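Worksheet: one structure, shown below.
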Amino acid sequence: MDAALLPLAPLVVVAGTTVVLILLDLLPPRTSKVHLGVVALVGIVATLVSALFLWGRAGRAFSGVVVLDNFALFFDVVICYAVALVLLLSLDYLRRNGMERGEYYILVLFATLGMLLMAHAADLIVIFLALELMSLSLYVLAGFFQARLTAAESAMKYFLLGAFATGFFVYGIALIYGAAGTTALDRVGAALGSATRDPLLLIGLGLLLVGFGFKISSVPFHMWAPDVYEGAPTSVAALIATGSKAAGFAGLLRVLLSTFRGAQPDWTALLWVLAVLTMTVGNVVAIAQSNLKRMLAYSSIAHVGYMLVGVVAGGPLGAGGVLFYLLVYSFATAGAFGVILLLERGRQEAVNQDDYGGLAARHPVLALTLALFLLSLIGMPPTAGFAGKFYLFGAAVRSGYIWLAVIAVLNSAVAAYYYLRVIVYMYMRDQEGVPTEPAPSFAGRLALGIALWGVFQLGLMPAPVLDLAQAAVAPLLR
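Residues in the sequence shown are numbered consecutively from 8, following my numbering.
Next up, the structure:
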């Protein structure tokens, strides 16, 4: 590949695969689209391989608005793992629900292209374009099951609230451009210098945080998440909970660490409050949920709060801990959604807590798999969740945010209640009525196996990946 196009390699692979899918969708067979899912999966694996091959290289394209660095490549890996798991889970899931259409895989890859572009963007306008490409694809995917009223409701709520947040984001870009005379991230930081406390700039940053806060579903921009997760196809909910959040944090961290580092005292104080509110609201409201998809939605909100702890802590350990935790969280969350996706009760998805009564007695392997994912989300050793929280909370303590770390630990204890409640249902309750049964899906079980491997690999040997995460954020902290 030409040196000028090298920074675009992961993006080119995904875009090329998307074009191939559009062409293949026009050809027979018309009744089955599994081959499109396989092609999409091959493209994502090729993108993952290209990201690993490019590790350690640097470059810029399109006058510097697209950048290649280890920070972007680490997020490429996180996003590709998340999307690959979602594609594996989708292969049989769409067929069972009678919605096996080529548009699904095309939209997933368009969303992936937006996520990757967000990680590689070095200009506010490019971040906005990436955000919209990702968001518009996810809006359609959220309402993909057209026969379900809840799907249409979730898509409409997601679209309306997303459009509202986008307006704030664009206005923030306009204010920053007015203050700095440019939208390039490095030039914004250089041009502002001692003017980082310009009220216009700080207001613009605040409006940007509204847009990013919506994408990562932090309080108070979280209200869309439970309704969207509940109404969207479970595979799409998994994509929103993992890949979309990773892309949001990629843009947020690059903007805060590389451009607005001079205003760190201002945004650190704000994010301290948001971290506490986000983890507390997410965990407390999750206790009241009997629908597992809504519970995982509020759980994902709480995990955003934990990751904001790392952003507040700053430094290589704090920011690197966020990158590491995103990978950990993606494996565990995609796996939990995957188990829910595979279970059916009376030809319907088993999404209610009562559906899991006595599951361990009938299907011990699936019950154990779900239990392990939930234990990782709690942060129990030797799962990856323990290592992720240890590094995040440890970074907060080392940076002097002891009370923030204490609040985070207390929230983790609260979260243990609703996660363990599901495990209690599986192992200590009997199910009444129609039993819950797993749907046959080799691809789905393969996805669960990969997710389990990630949970224990990162739990037992976290240091190498954490070192890579810290090396990825180091250039942004100079």
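Note that the Cβ used here is the ideal one computed from N, Cα and C, for glycine as well. This structure is a prediction, so every number in the text was calculated from the model and none was measured.
Can you give me the start and stop residues for the alpha helix (DSSP H) that Leu-156 sits inside?
156–187
Are Val-319 and Leu-278 closer than 7 Å when you measure CB to CB?
Against a cut-off of 7 Å, the Cβ pair of Leu-278 and Val-319 comes out as a contact.
If we ignore side chains and look at the alpha-carbon of each, how far apart do Ser-419 and Ile-385 end up?
6 Å
On the DSSP bridge assignment, give the partners of Glu-139 in chain order.
Answer is none; Glu-139 lacks a bridge partner.
Kindly give me the distance between the Cβ atoms of Ser-406 and Gly-325, rounded to whole angstroms, as I take these residues to be in contact under 8 Å.
6 Å
In whole angstroms, what is the alpha-carbon distance linking Leu-96 and Gly-188?
So the alpha carbons of these two residues sit roughly 46 Å apart.
Identify every residue that forms a DSSP beta bridge with Ala-68.
Val-73
Quick one: is Ile-409 buried, meaning 16 or more other Cβ sit within 10 Å of its Cβ, or exposed?
exposed
Kindly indicate the opening and closing residues of the alpha helix (DSSP H) around Glu-107.
Segment: none, Glu-107 is in no alpha helix (DSSP H) and carries neither H nor E.
Determine the DSSP secondary structure at Glu-444, reduced to helix, strand or coil.
strand
Skipping 5 residues on each side, what residues in its chain have a beta carbon closer than 6 Å to that of Gly-196?
Thr-266
Skipping 5 residues on each side, what residues in its chain have a beta carbon closer than 6 Å to that of Gly-218?
Non-local C-beta neighbours of Gly-218 in its own chain, meaning closer than 6 Å and more than five positions away in sequence, comprise Ala-172, Phe-175, Phe-176, ordered along the chain.
Quick one: measure Cβ to Cβ for Val-226 and Thr-285, integer angstroms, because I've assumed they're closer than 8 Å.
4 Å
Counting only the same chain and skipping the five closest in sequence on each side, list residues whose C-beta sits under 6 Å from that of Thr-203.
Bear in mind that a pLDDT of 49 at Thr-203, under 50, signals an unreliable position, so the model cannot answer this.
Near Leu-31, which residues of its chain fall below 8 Å by C-beta distance, leaving aside the five closest residues on each side in sequence?
Excluding sequence neighbours, Leu-31 sits near His-42, Leu-43, Val-46, Gly-109.
Starting from Glu-237, trace the alpha helix (DSSP H) in both directions and tell me its first and last residue.
231–238
In three-state terms, what does DSSP make of Leu-34?
coil
Of the choices Leu-114, Pro-445, Phe-60, whose alpha-carbon is the least far from that of Gln-355?
The closest CA to that of Gln-355, considering only Leu-114, Pro-445, Phe-60, is found on Pro-445.
On the CB-based measure, 16 or more other CB atoms within 10 Å of its CB, does Pro-17 come out buried or exposed?
Counting the other Cβ atoms within 10 Å of the Cβ of Pro-17 gives 16 or more, which makes it buried.
Give the secondary structure of Arg-261 by DSSP, where H, G and I count as helix, E and B as strand, and everything else as coil.
helix
Nearest by alpha-carbon distance to Tyr-336: which of Ser-383, Gly-150, Leu-455 is it?
Nearest C-alpha to Tyr-336 among Ser-383, Gly-150, Leu-455: Ser-383.
For a quick check, are the C-beta atoms of Leu-377 and Val-416 less than 7 Å apart?
no
Along the chain, which unbroken stretches of the alpha helix (DSSP H) at least 4 residues long are found entirely within the stretch 279–321?
299–320
Can you tell me where the beta strand (DSSP E) with Leu-350 in it begins and where it stops?
Taken as a continuous stretch (DSSP letters only), the beta strand (DSSP E) holding Leu-350 covers 350–352.
Check this for me: beta carbons of Tyr-236 and Lys-300, under 7 Å apart or not?
yes
Pop quiz: Phe-82 and Ala-257 are said to be a contact at Cβ under 8 Å. What is the actual Cβ separation, rounded to whole angstroms?
4 Å
Using DSSP with H/G/I as helix, E/B as strand and the rest coil, what is Gln-477?
For Gln-477, the secondary structure class from DSSP, reduced to helix, strand or coil, is helix.
Starting from the Cα of Gly-185, find the closest Cα among Leu-145, Asp-234, Leu-131, Leu-136 and give me that residue.
Leu-131
Grouping DSSP H, G and I as helix and E and B as strand, with all else coil, what is Asp-361?
helix
Could you give the residue range of the alpha helix (DSSP H) that holds Lys-222?
206–223
Need the endpoints of the alpha helix (DSSP H) that Tyr-408 sits in, please.
Looking at the DSSP string, Tyr-408 is not in any alpha helix (DSSP H), and its letter there is neither H nor E.
If we count the other Cβ atoms within 10 Å of its Cβ and call it buried at 16 or more, is Ser-161 buried or exposed?
buried
Which residue comes first and which comes last in the alpha helix (DSSP H) that contains Ser-369?
It is Arg, not Ser, that sits at residue 369 in the sequence shown. 366–369 is the extent of the alpha helix (DSSP H) around Arg-369.
Can at least three beta-carbon pairs, one atom from the stretch 55–62 and one from the stretch 70–86, be found at a separation below 8 Å?
yes
Quick one: residues in its chain with C-beta nearer than 8 Å to the C-beta of Leu-94, no 5 flanking neighbours on either side, listed in chain order?
Gly-44, Ala-47, Leu-48, Ile-51, Tyr-112, Val-115
Touching or not, the stretch 473–480 and the stretch 122–129, by the rule of three or more beta carbon pairs under 8 Å?
The stretch 473–480 makes no contact with the stretch 122–129; the number of CB pairs closer than 8 Å stays below 3.
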